[in-house]
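In this note's numbering, the protein residues as written are 508 to 829.
C-beta: ideal position from N, C-alpha, C; glycine also.
Here the structure is laid out as structure tokens; the discussion comes afterwards.
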């Protein structure tokens, strides 16, 4: 009997051990199917089709890098969706009026303030891009993805910002990973690119500066002391025009096209002024030969310096923007 008893006990132990292994295997399989927000790919995507049609840009503030915008927002999904399910990543929604609604298809008239990264290196021949960036509020990329509605995305052809003209409209969907949880989010980005109008730049800034430089260069032909007062006046006028134009943009940590242009202008005007002082000094000292030498060098060198540097500067601008 003892052998049978031992055999029965062994069978019970083996059965219990087998049941334990089975429970562990099932629990491991169940835990492996629990969705991981950052890595799980088994959860079906909610596909949200999004379109942005801008009807008005207003109060584009280049000092702050902000712009108020009115646009129609179209949201369509295979699951119910509203504007409360998304957020504007680079701005604030001021108001949103529902104009069309079904459970899976919504149209909103949105008024918002958006911020943009300014690229002023080529100011005042710069191109700026106003962006509208949209993300789901709570859903990871493996739970919801955006698809651009190209038909319902664009800008009103009559829309215009004073001093600017729109040159391109583009859109894309990015995957944004935040460092906190390492999870990826789908982000729809709508870009509205515009360039500063050249005619306004020419009339307000470059025409007066070129006239100042031209008058200063022609003054090299003068051999009278009144030339110094003329050159000084031209220099001060250039400083005032530069100050007025630069005040339109924010303080930057880098130089812009306008700064380099004015460095060349100031160098030209200062050389003209110095050549006049030297000529008067040598003439008053009776050193006519040195005075004539300064005159001949000034007439050839200063205009050549000015012209070559201006040509180089505008050539580099054309190369960058082409």
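Under 7 Å Cβ to Cβ from residue 719, same chain only, skipping five residues before and after it: list those, please. Start at 1 with the first residue of the chain shown, and residue 719 comes out as number 212. Same-chain partners within the cutoff: 741, 744, 745.
(message) My output table needs one value for residue 701: the three-state DSSP class, helix, strand or coil.
(response) As a working note, residue 701 is residue 194 in the chain shown. Note: residue 701 maps to strand in three-state DSSP.
Handout entry: Option in 625, 769, 586 with minimal Cα separation from residue 820
Key = The sequence position of residue 820 within the chain shown is 313, counting from 1. The shortest C-alpha separation from residue 820 is found at 769.
Can you tell me which of 785, 653, 569 puts its alpha carbon nearest to the alpha carbon of residue 624?
By 1-based counting over the chain shown, the position of residue 624 is 117. The shortest Cα separation from residue 624 among 785, 653, 569 belongs to 569.
Practice task
Under 8 Å by Cβ, that's how I've got residue 654 and residue 586 pegged, so tell me the actual separation to the nearest angstrom.
Solution key: Indexing the chain shown from 1 puts residue 654 at position 147. Indexing the chain shown from 1 puts residue 586 at position 79. In fact, because the Cβ distance is near 14 Å, the residues do not count as touching under 8 Å.
Next item on the list: Could you check what DSSP says for residue 614 in three-state terms: helix, strand or coil?
Entry: Here residue 614 corresponds to residue number 107 of the chain shown, with the count starting at 1. Three-state result, residue 614: strand.
Can you tell me where the alpha helix (DSSP H) with residue 768 in it begins and where it stops? One-based indexing of the chain shown puts residue 768 at position 261. Taken as a continuous stretch (DSSP letters only), the alpha helix (DSSP H) holding residue 768 covers 764-791.
Item to complete: Grab me the residues of residue 708's own chain with a C-beta within less than 8 Å of its C-beta, minus the 5 sequence neighbours each way, in chain order.
Response: Here residue 708 refers to the residue found at position 201 when the chain shown is read from its first residue. Excluding positions up to five away in sequence, the list reads 631, 632.
_When 761, 704, 775 are compared against residue 726, the one with the closest alpha-carbon_ = The residue given as residue 726 occupies position 219 in the chain shown. Out of 761, 704, 775, 775 has the C-alpha closest to the C-alpha of residue 726.
Where does the unbroken beta strand (DSSP E) through residue 643 begin, and where does it stop?
Position 136 of the chain shown holds residue 643. Note, residue 643: beta strand (DSSP E), 634-643.
Cβ-based neighbour list, residue 802, same chain, cut-off 7 Å, excluding 5 preceding and 5 following: The residue given as residue 802 occupies position 295 in the chain shown. Closer than 7 Å at Cβ, skipping near neighbours: 786.
**Item:** Residue of 626, 643, 645, 646 minimising C-alpha distance to residue 637
**Value:** Within the chain shown, the letter at position 130 stands for residue 637. Nearest option by C-alpha distance: 626.
Residues sharing a beta bridge with residue 609, DSSP = Within the chain shown, numbered from 1, the residue matching residue 609 stands at position 102. Bridge partners of residue 609: 612.
task: May I have the straight-line CA-CA distance separating residue 732 from residue 792, to the nearest angstrom?
output: One-based indexing of the chain shown puts residue 732 at position 225. One-based indexing of the chain shown puts residue 792 at position 285. Each residue's Cα considered, the two are about 14 Å apart.
Residue 717 classed as buried or exposed, judged by whether at least 16 other C-beta atoms fall within 10 angstroms:
In the chain shown, the residue the question calls residue 717 occupies position 210. That one is exposed.
Taking the beta carbon of residue 825 as the centre, do at least 16 other beta carbons fall within 10 Å, making it buried, or is it exposed?
One-based indexing of the chain shown puts residue 825 at position 318. Exposed, by the Cβ-count rule.
**Item:** Terminal residues of the alpha helix (DSSP H) in which residue 717 lies
**Value:** In the chain shown, residue 717 corresponds to position 210, counting from 1. Looking at the DSSP string, the run of the alpha helix (DSSP H) that includes residue 717 is 714-725.
Would you kindly report the start and end of the unbroken beta strand (DSSP E) that includes residue 457? Lying outside 508 to 829, the shown extent of the chain, residue 457 is not represented and no answer is given.
ask   = Can you tell me the Cα-Cα spacing of residue 730 and residue 809, whole angstroms?
value = The residue labelled residue 730 in the question sits at position 223 within the chain shown. The residue labelled residue 809 in the question sits at position 302 within the chain shown. Cα to Cα, residue 730 sits roughly 16 Å from residue 809.
If contacts are defined as beta-carbon pairs under 8 Å, then residue 695 and residue 641 qualify, I think. What distance do you get, rounded to the angstrom? Translated into the one-based positions of the chain shown, residue 695 becomes position 188. Translated into the one-based positions of the chain shown, residue 641 becomes position 134. The pair is a contact, with the Cβ atoms about 5 Å apart (cut-off 8 Å).
Around the C-beta of residue 558, are 16 or more other C-beta atoms found within 10 angstroms, so that it is buried, or is it exposed? On the chain shown, position 51 is the one that residue 558 refers to. So residue 558 ends up on the buried side.
Quiz item: What's the C-alpha gap between residue 747 and residue 673?
Solution: Taking the first residue of the chain shown as 1, we reach residue 747 at position 240. Taking the first residue of the chain shown as 1, we reach residue 673 at position 166. Roughly 31 Å between the two C-alpha positions.
>> In whole angstroms, give me the CA-to-CA distance for residue 616 and residue 565.
In response: Position 109 of the chain shown, counted from the start, is the residue given in the question as residue 616. Position 58 of the chain shown, counted from the start, is the residue given in the question as residue 565. Roughly 15 Å separates the two Cα atoms.
Do residue 575 and residue 606 have their C-beta atoms closer together than 8 Å?
By one-based count along the chain shown, residue 575 stands at place 68. By one-based count along the chain shown, residue 606 stands at place 99. Going by C-beta atoms, residue 575 is not nearer than 8 Å to residue 606.
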